[in-house]
Amino acid sequence: MSFRDDVRAWLATTPRPDGLHDYGPTPTVDDVPAGRAWQRILADAGYACLHWPARWGGRDATVAEQAAFAEETARAGVPRQLNIVGPDLVGPVLMTYGTAAQQERYLPPIRTGDDLWCQLFSEPDAGSDLAAVRTRAVRVDDGWVVDGQKVWTSGGADAEYGLLLARTGGPGYAGLSVFVVPMTAPGVIVRPLLQMDGESKFNEVFLTGVALPAEALVGVEGGGWAVATATLGRERLSLGANAVSMFRALDDLVDAAAVRGRFDEHLRDRVTDLWIRVWLLRATWERAIAEGAEPGAPAFSVLKLLSSETQRDIGDAGIEALGLDALWSEDEEPLVHRMLVGHAQTILGGTSEIQRNIVAERILGLPRDPYRP
0 MSFRDDVRAW LATTPRPDGL HDYGPTPTVD DVPAGRAWQR ILADAGYACL HWPARWGGRD
60 ATVAEQAAFA EETARAGVPR QLNIVGPDLV GPVLMTYGTA AQQERYLPPI RTGDDLWCQL
120 FSEPDAGSDL AAVRTRAVRV DDGWVVDGQK VWTSGGADAE YGLLLARTGG PGYAGLSVFV
180 VPMTAPGVIV RPLLQMDGES KFNEVFLTGV ALPAEALVGV EGGGWAVATA TLGRERLSLG
240 ANAVSMFRAL DDLVDAAAVR GRFDEHLRDR VTDLWIRVWL LRATWERAIA EGAEPGAPAF
300 SVLKLLSSET QRDIGDAGIE ALGLDALWSE DEEPLVHRML VGHAQTILGG TSEIQRNIVA
360 ERILGLPRDP YRP
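Per numbering that gives the first Met the number 0, residue 0 is the first one in the sequence shown, and the count goes up by one each step.
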């Protein structure tokens, strides 16, 4: 059997922890217990951290295998891993830039789900423009002291550790460094942010006089931008899984409109257009993988842009399908939820504006805008 067949058969026969559902890349507080249990099951079966080297419990999986696993877990209605930050972002960063001691300490509990991680990058005035980060780490005799604020930190309320981007030098990218921060350290305060869909997956994090040992530095001082960019793009491997969920959303949308007598010619045309766009997205995703594109390649920026804007438009179409019921309907909760979070897709994981810049500069060869510090 193929790798996809093996995964599909395993998912069909493996018992699932109570309360497990496909919560996406980030669990809520209530999702964490089932998510941890599921991560241990994945680890025991050899499906956790597929892209990691075998030395660290992975399978050296190809990009195509990783993408197939993401798609099959979406079809089965389960998360492909506990969360995105530890396995997909922090793990590869530590393997590339971390010391042997950091790797031995942090990698095994990421794979088994014992340690959750969050990413402390964005700030109130530095979201997509990370060169504007103001959180500062000051060197002291026995390490560093950190002061600053982060926001939009996914999973910060549940995480044991955070990967922090802070300023250790002057302005611009060259003044940035990356650190490991225990989220229970004195001076770290996490405040969940209530989203319009009722969830609180995002958080704001305040760091006041947080003392870190010298060994908390990941890579070299001033090398933070290289470390930060190494964490970007891996979530785009799940674009095929997004296509699965978008097809389901379109089915739900059609059913909801038909029940309400709202599936008129205009909405049929709109749904047909969205259906075609999802198929084109999936076909382009498969072609990029077949051609060997890596997650950080410009091709995945094209896909991220197309996926985000299609998800946004499906959410908007849900308003038309539900009519006044879009204000809130318990029976159509998944469709209402998609409507509420649709526009967020064009922000999270790299804004659509940033993706357009990448396409313009790296694919079309257009000149970069001059940097203004």
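Yeah, the Cβ is synthetic: ideal placement off N, Cα and C, and Gly gets one too.
Contact annotation: L162 and V180 have beta-carbon atoms nearer than 9 Å. If you draw a straight line from the Cα of I40 to the Cα of L10, it is about 11 Å long.
In the DSSP annotation of this structure, the continuous segment of the alpha helix (DSSP H) that includes L305 starts and ends at 297-321.
Exposed is the label assigned to G171, since fewer than 16 other Cβ atoms lie within 10 Å of its Cβ. In the structure shown, R190 adopts extended strand secondary structure according to DSSP, grouped into three states. An exposed status is given to P123, since fewer than 16 other beta-carbon atoms sit within 10 Å of its beta-carbon. In this structure, the alpha-carbon of V204 lies about 12 Å from that of D157. In the DSSP assignment, L280 falls within the unbroken alpha helix (DSSP H) covering 264-289. Within the same chain, and ignoring the five residues on either side of L119 in sequence, the residues whose Cβ sits closer than 7 Å to its Cβ are K149, T152, G161, L162, L163, L164, V180, V204. Q38 and A47 do touch by the CB rule: their CB atoms are close to 6 Å apart, below 8 Å. DSSP, read as helix, strand or coil, puts F246 in helix. In this model, G155 and G260 are separated by some 43 Å (Cα to Cα). One alpha carbon belongs to H20, the other to L326, and they sit about 25 Å apart.
When the alpha-carbon of R247 is set against those of W274, G56, I83, I109, the nearest one is in W274. Under DSSP, the beta-bridge partners assigned to N202 are P191.
According to the DSSP assignment, P181 belongs to the beta strand (DSSP E) that extends over 175-181. T167 is positioned such that its CB atom lies closer than 9 Å to that of S176. A buried status is given to S244, since no fewer than 16 other beta-carbon atoms sit within 10 Å of its beta-carbon. In the DSSP secondary-structure assignment, D146 is bridged to R135. Relative to N241, the option among I313, E220, V258 whose CA is nearest is I313.
DSSP places T167 in the coil class of the three-state scheme, outside both helix and strand. The beta carbons of L279 and L302 sit about 10 Å from each other, so the pair does not count as a contact at 8 Å.
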